[in-house]
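Numbered by our numbering, the letters in the first sequence go through residues 37 to 492 in order.
C-beta atoms are modelled at their ideal positions from N, C-alpha and C, and glycine is treated no differently.
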Amino acid sequence: MGESGPEVRLAGRIESWRPKGKVVFGHLEDESGRIQVYLRSDQLGDRWALAELLDLDDCIGVAGRLMRTRAGEVTVRASAVELLAKSLRPLPRGKREVLEDGTVRDHGGVADPEFRYRQRYADLAVHPEVREAFRLRTRIVARIRHLLDGAGFLEVETPILQPLYGGAAARPFVTHHNALDMSLYLRIADELYLKRLIVGGFERVYEIGHDFRNEGMDRSHNPEFTMLELYQAYADYGDMMGLAETLVTDLVRMVSGGLTLTRDGVTLDFTPPFARVRFVEGIRQGSGLDVLEAPEATLRERLVQAGRPADEVAGFTGGKLLDEMFGTFLEPRLIQPTFVVDYPKPISPLAKEHRADPRLTERFELFVQGRELANAFSELNDPDDQRSRFEEQGHHRAAGDEEAQPFDADYIRALEYGMPPTGGMGIGIDRLVMLLADQDSIRDVILFPALRPETA
RNA sequence: GCGCCGCUAGCUCAAUUGGCAGAGCAAGUGACUCUUAAUCACUAGGUUGUAGGUUCGAUUCCUACGCGGCGCACCA
């Protein structure tokens, strides 16, 4: 029982508090951990009056010598104490009681997910494992920056408020600029601005930022989310596949120390090269049909056979029909890391025509656990082809497709100056973090997920 | 947007077929100078998510609304 260790000063939040007559034992916690403090009336003098007023969750500072209790715990024997911040509202701390027979009884703690998301500050304050998940998120993003910077990529910032939105198929949020008296859109993608920078001579650029999509919310969709987009001149989608493998395997190694992750009882193997399956061939394997050859009526019949409601299927045509075939017959099987390659042209309006088949584009998406992690292509750099693809989108739009992309004349003008052949890729950071941090809900990797306002 | 489930004290949860709404932790008061779920005694805490309806009587049954979770749709 050491009585006179070194003198220390420390501050923290009161995590436990056990007054016992003229002494009190408690634990202080801060980001670095927790330590026991021991306050005695005979050592604190007139400060003892303050000690008697302290409560759980107050933030205090103490000074004193380190000692060891009879139980052997390193403890600060306080010679001074001060209040740094008062807690007026108890944190929802759980207490775990271990009874003599070994059964465990929990008291309190937060079970209500709404409480955790709405009052994330309290969730973080009482759950070290939640803090750890968000630290991991930051390490993942930092590691991605490190890798891209090391590969010669330039991190840039492009407009979030855009007069025209584009680069993806989604409905935008609309806002209004008062001084200009005009509508602006919150970006749904960075794509078209980043490719303008390729025209400008930056040959490797990337941006990590929020995109905004006015769509439904569920456990893999938040209205604002974090996207990595990168573009590399004089590269194609094959190079992007290599880069995707490099990034993903590096991150898997960082979190697991190896090349596998176990999720939902399944061992995911990230040993490169990842599996590759052609879009058309993969759907043929699942459905027996070639989506580029078979009549649309035949494809619709096949969907109904597979259990899709007939009245719903009746409305599917063109790109929508292709998406549905993919979602029904191929996507659910993509558990192990898999590149789906060579998407049909109608569902890839910004991707370059395939060098071997004009019906296809040089595009891939990376899937893991049936979820899309990355989307990449050889970028369409022919302004005339891009113009006609935009015009095609315009027809879809006129036909009522709200997610068809608007015609961007300035982007065509940029391409007319000549954009070098370019490979580009987008990676949804939130979903990547979900995979790496083993979280099932996007709300568990976003600090303040979108919620409806609280009612009084 | 649709469907299912949930909402009781600051937190976690009870409450028989509809019959006075309770407990643990947290809070307050008192006792206790090596505690760690501290212990012991006492006290306070509620328009049972909101608004209606049925009923002698509603936490419980019905309707609408709000918020959340899950699933579907949409999408990344």
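Proximity of residue 180 and residue 465 at Cβ, strictly below 9 angstroms: On the first sequence, residue 180 is found 144 positions in, with the first residue counted as 1. On the first sequence, residue 465 is found 429 positions in, with the first residue counted as 1. Yes, the Cβ-Cβ distance between residue 180 and residue 465 is below 9 angstroms.
Residue 346 to residue 339, Cα distance in whole Å? Along the first sequence, read from residue 1 onward, the residue named residue 346 stands at position 310. Along the first sequence, read from residue 1 onward, the residue named residue 339 stands at position 303. Between the C-alpha atoms of residue 346 and residue 339 there is a straight-line separation of about 8 angstroms.
My understanding is that residue 472 touches residue 287, with C-beta atoms under 8 angstroms, so please give their C-beta distance in whole angstroms. Walking along the first sequence from the start, residue 472 turns up at place 436. Walking along the first sequence from the start, residue 287 turns up at place 251. Going by Cβ atoms, the distance from residue 472 to residue 287 rounds to 6 angstroms, so yes, they are a contact pair.
Residue 81 versus residue 115: straight-line alpha-carbon distance, rounded: Indexing the first sequence from 1 puts residue 81 at position 45. Indexing the first sequence from 1 puts residue 115 at position 79. Taking the straight line from one Cα to the other gives about 9 angstroms.
Using the rule of at least 16 other Cβ atoms within 10 Å of the residue's Cβ for burial, across every protein chain shown, is residue 225 buried or exposed? In the first sequence, the residue the question calls residue 225 occupies position 189. Residue environment for residue 225: buried (at least 16 other C-beta atoms within 10 angstroms of its C-beta).
Please state whether the Cβ-Cβ distance between residue 93 and residue 70 is less than 9 angstroms. Translated into the one-based positions of the first sequence, residue 93 becomes position 57. Translated into the one-based positions of the first sequence, residue 70 becomes position 34. No, Cβ-Cβ distance for residue 93 and residue 70 is not below 9 angstroms.
What residues in its chain sit with their C-beta under 7 angstroms from that of residue 285, if we drop five residues either side in the sequence? Here residue 285 is taken as the residue at index 249 of the first sequence, counted from 1. Residues of the same chain with a CB within less than 7 angstroms of the CB of residue 285, apart from the 5 flanking positions on each side, are 295, 306 and 308 in chain order.
Suppose you measure from the CA of residue 37 to the CA of residue 100; what does that come to, to the nearest Å? Against the first sequence, residue 37 aligns to sequence position 1. Against the first sequence, residue 100 aligns to sequence position 64. A caution first: residue 37 carries a pLDDT of 44, below 50, which makes its placement in the model unreliable, though a value can still be read off. Spanning the two alpha carbons is a distance of roughly 16 angstroms.
With respect to the beta strand (DSSP E) encompassing residue 213, which residues constitute its N-terminal and C-terminal limits? Stepping through the first sequence from its first residue, residue 213 is reached at position 177. Counted as a single uninterrupted DSSP element, the beta strand (DSSP E) harbouring residue 213 occupies residues 210 to 213.
Bridge partners - residue 265, DSSP secondary structure assignment: Counting from one through the first sequence, the residue named residue 265 turns up at place 229. Bridge partners of residue 265: 243 and 462.
Would you call the region 221 to 238 and the region 195 to 202 in contact, with 3 or more CB pairs under 8 angstroms? Output reads yes: the region 195 to 202 touches the region 221 to 238.
With contact counted as at least three CB pairs below 8 angstroms, one residue from each stretch, are the region 364 to 375 and the region 319 to 336 in contact? Yes: the two stretches touch, three or more of their Cβ pairs being nearer than 8 angstroms.
Can you tell me which residues form a DSSP beta bridge with residue 104? In the first sequence, the residue the question calls residue 104 occupies position 68. 110.
Mapping the DSSP letters down to three states, classify residue 281 as helix, strand or coil. In the first sequence, counting from the first residue as 1, residue 281 sits at position 245. Note: residue 281 maps to helix in three-state DSSP.
For residue 221, which residues from the same chain have a beta carbon less than 8 angstroms from its beta carbon, with the 5 sequence-adjacent residues on both sides left out? Residue mapping note: residue 221 aligns to position 185 of the first sequence, counting from 1. Closer than 8 angstroms at the Cβ level, and outside the excluded window around residue 221, lie 197, 198, 199, 200, 201, 208, 209, 210 and 211.
CA-to-CA distance, residue 483 to residue 87, given in whole angstroms: Reading the first sequence from its first residue, position 51 is the one you call residue 87. Reading the first sequence from its first residue, position 447 is the one you call residue 483. Cα-Cα distance, rounded: 35 angstroms.
What's the C-alpha gap between residue 58 and residue 79? Counting from one through the first sequence, the residue named residue 58 turns up at place 22. Counting from one through the first sequence, the residue named residue 79 turns up at place 43. In a straight line, the C-alpha of residue 58 is about 10 angstroms away from that of residue 79.
Residue interval of the alpha helix (DSSP H) (run including residue 431): Residue numbering aside, residue 431 sits at position 395 when the first sequence is read from its first letter. Where residue 431 is concerned, the enclosing alpha helix (DSSP H) stretches over 419 to 434.
I'd like to check one pair, residue 416 with residue 452: are the Cβ atoms closer than 9 angstroms? Taking the first sequence and counting its residues from 1, the one referred to as residue 452 is at position 416. Taking the first sequence and counting its residues from 1, the one referred to as residue 416 is at position 380. No, they are not a contact pair.
Check for me: the beta strand (DSSP E) holding residue 408 runs from which residue to which? Mapped onto the first sequence, residue 408 falls at position 372. Its beta strand (DSSP E) spans residues 407 to 414.
Considering Cα atoms alone, identify which of 42, 460 and 65 is closest to residue 278. Here residue 278 refers to the residue found at position 242 when the first sequence is read from its first residue. Cα-wise, what sits closest to residue 278 is 460.
Contact under 9 angstroms by Cβ, residue 96 with residue 118: As a first step, residue 96 is located in the first sequence; it is residue number 60 there, counting from the start. As a first step, residue 118 is located in the first sequence; it is residue number 82 there, counting from the start. Yes; because the gap between Cβ atoms is below 9 angstroms, this pair is in contact.
Looking only at its chain, what residues have a beta carbon closer than 6 angstroms to the beta carbon of residue 276, apart from the 5 residues adjacent to it on each side? Here residue 276 refers to the residue found at position 240 of the first sequence. Taking C-beta separations shorter than 6 angstroms and ignoring five residues to either side along the sequence, the partners of residue 276 in its chain run 412, 459 and 461, following chain order.
Note the first and the last residue of the continuous beta strand (DSSP E) segment covering residue 218. Sequence index remark: in the first sequence, residue 218 carries index 182 (1-based). Looking at the DSSP string, the run of the beta strand (DSSP E) that includes residue 218 is 218 to 222.
Which whole-angstrom value describes the C-beta separation of residue 257 and residue 251, a residue pair presumed to lie in contact below a C-beta threshold of 8 angstroms? Along the first sequence, read from residue 1 onward, the residue named residue 257 stands at position 221. Along the first sequence, read from residue 1 onward, the residue named residue 251 stands at position 215. That belief holds up - the Cβ atoms of residue 257 and residue 251 are roughly 6 angstroms apart, short of 8 angstroms.
Since residue 423 contacts residue 448 with CB under 8 angstroms, what's their CB separation in whole angstroms? Taking the first sequence and counting its residues from 1, the one referred to as residue 423 is at position 387. Taking the first sequence and counting its residues from 1, the one referred to as residue 448 is at position 412. Indeed they touch by this definition, with Cβ atoms about 5 angstroms apart.
If we ignore side chains and look at the alpha-carbon of each, how far apart do residue 378 and residue 463 end up? If you number the first sequence from 1, residue 378 lands on position 342. If you number the first sequence from 1, residue 463 lands on position 427. Rounded to the nearest whole angstrom, the CA to CA distance from residue 378 to residue 463 is 18 angstroms.
Compare the beta carbon distance of residue 98 and residue 127 with 9 angstroms and say whether it is the shorter of the two. If you number the first sequence from 1, residue 98 lands on position 62. If you number the first sequence from 1, residue 127 lands on position 91. At least 9 angstroms separates the beta-carbon of residue 98 from that of residue 127.
Considering only DSSP beta bridges, list what residue 52 is partnered with. Counting from one through the first sequence, the residue named residue 52 turns up at place 16. Listed as beta-bridge partners of residue 52 by DSSP are 63.
For residue 242 and residue 230, what's the separation of their Cα atoms in angstroms? Here residue 242 refers to the residue found at position 206 when the first sequence is read from its first residue. Here residue 230 refers to the residue found at position 194 when the first sequence is read from its first residue. Cα to Cα, residue 242 sits roughly 7 angstroms from residue 230.
Separation of residue 260 from residue 247, as counted between CA atoms: Translated into positions along the first sequence, residue 247 becomes position 211. Translated into positions along the first sequence, residue 260 becomes position 224. Approximately 6 angstroms between the Cα atoms of the pair.
Please classify residue 409 as buried or exposed, where buried requires at least 16 other C-beta atoms within 10 Å of its C-beta. Locating residue 409 in the first sequence gives position 373, counting from the first residue. With a 10 Å radius around the Cβ and a threshold of 16 neighbouring Cβ atoms, residue 409 comes out buried.
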